[in-house]
Amino acid sequence: MTTRVCEKLHITPEQWADVVADTERADQELLDYIRVMLKPQYKVAVVSNANAGTLQRVMSPEQLAVFDTLVVSAEVGHIKPDPGIYTLAAEKLGLTSAECVFTDDNTPYCDGAEAVGMQSIHFRDREQFIRELEAILNHT
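Okay, so the sequence shown: first residue is 8 according to this note's numbering, each after it adds one.
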């Protein structure tokens, strides 16, 4: 899809990645929550259909370092909602799918995670996500 967008706009994929990076920035408050509240007890991964270059434009090296692993579709040969990307993320974390909680703002991607046995949270905003995640973590 990115290739078609670039062709229609007469820009390179790198220029498109810059446009995306300019419109999407990492939520620093959410990253701080992950670092302070989750990292001491839990492993955390990014599972992304973006390419690594886009992630590096959206997040600083310090922000990326919050995560134990990055699973980038362009590098692993699976794209959400393909089950393989979720199982690979769990494997890279040393966990089973049943031990994982997946979040995304795209419902079909949450459905894909649930299909491999993960719990999922449809992300709408930071407060809702934290509330739902803490409810899951406090019941396990």
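Yeah, the Cβ is synthetic: ideal placement off N, Cα and C, and Gly gets one too.
Predicted model only: the values in this text are computed from it and were never measured.
Practice prompt. Determine the burial state of Asn56: buried for a count of at least 16 other Cβ atoms within 10 Å of its Cβ, exposed for fewer.
Written response: Here residue 56 refers to the residue found at position 49 of the sequence shown. When all chains shown are included, Asn56 counts as buried.
Discussion item. I believe Cys117 touches Ser104 by the beta-carbon criterion, under 8 angstroms. Please report the beta-carbon distance rounded to the nearest angstrom.
Written reply: The residue you call residue 117 lines up with position 110 of the sequence shown. The residue you call residue 104 lines up with position 97 of the sequence shown. With a Cβ gap of about 13 angstroms, Cys117 and Ser104 do not count as contacting.
Fill in: Simplified DSSP assignment, three categories, for Val78
Position 71 of the sequence shown holds residue 78. Three-state DSSP puts Val78 in a strand.
Fill in: Identity of the residue in Tyr40, Ala33 and Asp111 nearest Val65 by Cα
Walking along the sequence shown from the start, residue 65 turns up at place 58. The shortest Cα separation from Val65 among Tyr40, Ala33 and Asp111 belongs to Ala33.
Discussion item. According to DSSP, Phe109 sits in a beta bridge with which residue or residues?
Written reply: Walking along the sequence shown from the start, residue 109 turns up at place 102. In the DSSP output, where bridge partners are listed per residue, Phe109 has Ser127.
Worksheet item: Nearest CA to the CA of Asp112: which residue from Ala96, Arg133 and Val123?
Response: Indexing the sequence shown from 1 puts residue 112 at position 105. Answer by Cα proximity: Arg133.
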